[in-house]
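*Asks:* Reading the sequence shown from the start, the letters are residues 5 to 409 in my numbering.
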Amino acid sequence: MVPSFWWVDEIDMRELTYTLPFDNPAGGVWTQGWDLDPVPIGSGHETLRVFVVPHSHCDPGWLKTFDQYFQTQTKNILTTVVEALTNHPRRRFIWAEISYLEWWWREQGYEQQQALKRLLDNGQFELVTGGWVQPDEANSQMYALEVQLQEGHDWIRNTLGPQHIPTYGWSIDPFGYSPTMAYLLSKHNFTGMVIQRVHYAVKKELARRQHLEFKWRQTWDEKGEYDIWTHVLPFFSYDVPHSCGPDPSICCQFDFARKPIGRGPRSGFCPWKKAPKVITDENIEERAKLLLDQYRKKAALYRSRALLVPLGDDFRFQTNKEAEDQFTNYQRIFDYINKNIPGVHVQFGTLKEYFKAAKKAKMDLPLLRGSFFTYSDVNEDYWSGYFTSRAFDKALDRQLERSLY
């Protein structure tokens, strides 16, 4: 049964939490959803504009320390991306973690620093959120969230120029989302943000009503002074298999970093046993139509005719080969679609380019109040223990904050 308050385009997360059944019936290829029909394209329909956004999510400490990640992976990513975008004006990339960027910048010579600045100036390389890290929003207090955001923005302002302070947020890996962070971004003049880790049942219900984009409003803000346009990615993860559309077995075939190496396919590259294929003149029509069908099905979950498709994963674009495999094969597909299929335009894009296109539709977005806690991505795997665990670490963290600032 659909809750009645959905029909008035206003969502109270507390009410929704008590109303949803939180069941998880099998949904077909989109396991936590349902079978989707592609949006129509061509004569009589507004052009479907697809923005494929290359990114690399780089945790400042996870399975390795911050230093280890930088030395073995992250500095290579930034160097690779700067090289891959230079002299290729149609390519794009977004970056969130300023802690890594600051270290990389200190190690570069003048020419490499200027190369990055040129990419920032021409809009190919976009900084998103711009915090020192991509922070946890469940246990962090407002003060800590603000300080790390200010640290990143101060570095950007002093090093790259105030014109490069972000106005769009990118928060794809915190386990749940707080309206406090949305409020802080709004206070910093952000006009849009993207989130991913929302409870699968909540995400499914938002998708069913085409409410995956909404104005996130503070519960106490009656006039909407701090509203922020929020985009929820609809599927299980932010990796390539779960980004182009509802069928991960198809989307994985377009993660060209997983291409077979040597003789014959290596089944481990895609869990669905269908490896990516290099795009050639012989297969481009079939490959392009297969990918476009996923784009069109994903677009059915949103109200506008602009579609955001992330292209990346954790610590991606580490080598020139990986970057060229992704950018070159996708550009071949884009060129084919744009030339041969009416009613669609596909390109690499940034968040700024996506939101600009989406806002042209002048949609009446639904309002949403509340938080996205407690998070779960699969049955009964709830991120609830971290609210009470590691009490000593949390206390020490607060004491250090007081001493440092």
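Glycine residues also receive a C-beta, built at the ideal position from the N, C-alpha and C atoms.
Report yes if the CB atom of Phe97 is closer than 8 angstroms to the CB atom of Val85, and no otherwise.
*Replies:* Here residue 97 refers to the residue found at position 93 when the sequence shown is read from its first residue. Here residue 85 refers to the residue found at position 81 when the sequence shown is read from its first residue. Cβ distance < 8 angstroms, so Phe97 and Val85 count as in contact.
*Asks:* Roughly how many whole angstroms lie between the Cα atoms of Tyr409 and Glu155?
*Replies:* What you label residue 409 is simply residue 405 of the sequence shown in a count that begins at 1. What you label residue 155 is simply residue 151 of the sequence shown in a count that begins at 1. If I take the Cα positions, the gap works out to 11 angstroms.
*Asks:* The beta strand (DSSP E) that contains Arg373, what's its start and end?
*Replies:* Reading the sequence shown from its first residue, position 369 is the one you call residue 373. Unbroken beta strand (DSSP E) run through Arg373: 371-373.
*Asks:* Keeping to the same chain, check which residues put their C-beta closer than 6 angstroms to that of Glu141; ignore five residues upstream and five downstream.
*Replies:* Indexing the sequence shown from 1 puts residue 141 at position 137. If we look at Glu141 and ignore the five residues flanking it on each side, its Cβ neighbours are Pro178, Tyr181, Ser182, Met185.
*Asks:* Comparing alpha-carbon positions, which option in Glu357, Pro245, Asp339, Ile81 lies nearest Asp285?
*Replies:* In the sequence shown, the residue the question calls residue 285 occupies position 281. For the residues Glu357, Pro245, Asp339, Ile81, the minimum Cα distance to Asp285 belongs to Asp339.
*Asks:* For Asp385, is the classification buried or exposed, using 16 other Cβ atoms within 10 angstroms of its Cβ as the cut-off for buried?
*Replies:* On the sequence shown, position 381 is the one that residue 385 refers to. When all chains shown are included, Asp385 counts as exposed.
*Asks:* In three-state DSSP terms, what is Gly389?
*Replies:* Position 385 of the sequence shown holds residue 389. Correct three-state label for Gly389: helix.
*Asks:* Between which two residues does the beta strand (DSSP E) containing Trp66 stretch?
*Replies:* Translated into positions along the sequence shown, residue 66 becomes position 62. Note, Trp66: premise wrong, no beta strand (DSSP E); not H, not E.
*Asks:* Tell me whether Thr84 sits in a helix, a strand or coil according to DSSP, three-state version.
*Replies:* Here residue 84 corresponds to residue number 80 of the sequence shown, with the count starting at 1. Three-state DSSP puts Thr84 in a helix.
*Asks:* What's the call for Gly135, buried or exposed, on a 16-neighbour Cβ count within 10 Å?
*Replies:* Position 131 of the sequence shown, counted from the start, is the residue given in the question as residue 135. Its Cβ being crowded by 16 or more others within 10 Å, Gly135 is buried.
*Asks:* DSSP three-state call for Trp108: helix, strand or coil?
*Replies:* Numbered from 1 along the sequence shown, position 104 holds the residue referred to as residue 108. In the structure shown, Trp108 sits in a helix (DSSP, three-state: H, G or I).
*Asks:* Please say whether Ala292 and Arg53 have beta carbons closer to each other than 8 angstroms?
*Replies:* Position 49 of the sequence shown holds residue 53. Position 288 of the sequence shown holds residue 292. Cβ atoms of Arg53 and Ala292: not closer than 8 angstroms.
*Asks:* Kindly indicate which three-state DSSP category Arg53 falls into: helix, strand or coil?
*Replies:* Residue numbering aside, residue 53 sits at position 49 when the sequence shown is read from its first letter. Strand.
*Asks:* Using DSSP with H/G/I as helix, E/B as strand and the rest coil, what is Asp231?
*Replies:* Here residue 231 refers to the residue found at position 227 when the sequence shown is read from its first residue. It is coil, neither helix nor strand.
*Asks:* Once you ignore the five residues that flank Tyr306 on each side, which residues in its own chain have a CB closer than 7 angstroms to its CB?
*Replies:* In the sequence shown, residue 306 corresponds to position 302, counting from 1. So the qualifying residues of the chain are Gln214, Leu216, Glu217.
*Asks:* Which residues in the same chain have their Cβ closer than 7 angstroms to the Cβ of Trp224, if we skip the five residues on either side of it in sequence?
*Replies:* Working through the sequence shown from its first residue, we reach residue 224 at position 220. The answer is none, since no qualifying residue turns up.
*Asks:* Note down, in chain order, each residue of its chain lying with its Cβ closer than 7 angstroms to the Cβ of Leu188, except the 5 sequence neighbours on either side.
*Replies:* Within the sequence shown, numbered from 1, the residue matching residue 188 stands at position 184. Counting only Cβ-Cβ distances below 7 angstroms, and skipping sequence neighbours, we find Leu149, Glu150, Leu153.
*Asks:* Consult DSSP for Trp159 and reduce its assignment to one of helix, strand or coil.
*Replies:* Within the sequence shown, residue 159 is the residue found at index 155, counting from 1. Correct three-state label for Trp159: helix.
*Asks:* Can you name, in chain order, every residue of its own chain whose Cβ lies under 7 angstroms from the Cβ of Gln222, other than the five neighbours on each side?
*Replies:* Looking up residue 222 in the sequence shown gives position 218. Excluding residues within five positions, the ones whose Cβ falls inside 7 angstroms are Pro183, Tyr187, Tyr230.
*Asks:* Secondary structure at Glu384, three-state DSSP: helix, strand or coil?
*Replies:* Position 380 of the sequence shown holds residue 384. Looking at Glu384 - three-state DSSP - the assignment turns out to be coil, as it is neither helix nor strand.
*Asks:* Cys248 to Trp99, Cα distance in whole Å?
*Replies:* One-based indexing of the sequence shown puts residue 248 at position 244. One-based indexing of the sequence shown puts residue 99 at position 95. Their Cα atoms are separated by approximately 20 angstroms.
*Asks:* Could you name the residues that DSSP lists as bridge partners for Pro58?
*Replies:* Taking the sequence shown and counting its residues from 1, the one referred to as residue 58 is at position 54. Paired residues: Leu315.
*Asks:* Taking Asp158 as the reference, which of Met197, Lys208, Ser103, Tyr147 has the closest Cα?
*Replies:* Reading the sequence shown from its first residue, position 154 is the one you call residue 158. When each option's Cα is compared against that of Asp158, the closest is Ser103.
*Asks:* Looking at the structure shown, is Ser175 part of a helix, part of a strand, or coil, going by DSSP?
*Replies:* Sequence index remark: in the sequence shown, residue 175 carries index 171 (1-based). Correct three-state label for Ser175: strand.
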